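As numbered in UniProt numbering, residues 1 to 144 make up the sequence shown, in order. Every residue, glycine too, gets a C-beta built ideally from N, C-alpha and C. Quick caveat, the model's predicted, so the values are computed rather than measured. Here's the structure we're looking at; comments come further down.
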Amino acid sequence: MKIDQAAIEALAQIMQDQGLGEIEYQDGDQRIKLVSETPKNDVLTDSRSLNGPELTQPVRAQTANVDGTTINAPTVGIFYTAKSPQDPPYVQVGDHVEPGQIVGVIEAMKMFTNVMADQAGTVERVLVNNEEGVEYGQPLIQIK
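This is the structure we're talking about:
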């Protein structure tokens with residue numbers, strides 16, 4: 001990602017949304033660090049921010065032994081199993097999926113990426129929890 005005005009604004013928005021005092025981003029030889037001049041004692045009102053994982057926590061690598069075919073994370077971010085907290089999950093164990101079907105969403109810097117099945121199969125296991133941080137290529141859903 002090129003560090004431009006849009007990237008700076010996105011980082012500032014993350015700081016504000018998460019109540020962070022500072023945030024740092026590096027891409028190759030470009031590096032930016034934003035530090036808030038205001039105290040961090042604002043009250044968070046967004047329930048997703050209160051219940052979701054903090055951005056300062058390291059993303060856990062997938063360690064479960066996974067046999068068979070998996071649908072993997074196309075990007076780094078926060079995995080969501082449903083469109084919104086009120087909606088049912090895109091897929092559940094036992095559901096049949098078709099190529100191109102949305103099975104989840106990953107959010108990174110307020111950008112949402114659909115996670116899609118690349119082949120037909122039946123969902124055997126959902127390997128990550130809703131609102132859990134994921135890494136690029138991490139297995140998310142096991143299908144048979």
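Using the DSSP secondary-structure output, state which residues sit across from N72 in a beta bridge. Bridge partners of N72: P139.
Tell me which residue opens and which closes the beta strand (DSSP E) that E107 is part of. Residues 102 to 108.
Nearest-angstrom beta carbon gap, P99 and A117 [assumed within contact, 8 Å]: Between A117 and P99 the beta-carbon gap is near 6 Å, inside 8 Å, which marks them as a contact.
Could you give the distance in angstroms between the alpha-carbon of Q142 and the alpha-carbon of T113? Approximately 19 Å, taken between the alpha carbons.
Would I8 be called buried (16 or more neighbouring beta carbons within 10 Å of its own) or exposed? I8 sits exposed, since fewer than 16 C-beta atoms from the chains shown fall within 10 Å of its C-beta.
To which residues does DSSP link K83 through a beta bridge? K83 is not bridged to any residue.
Straight-line CA distance for E22 to G121? Those two C-alpha atoms are separated by around 44 Å.
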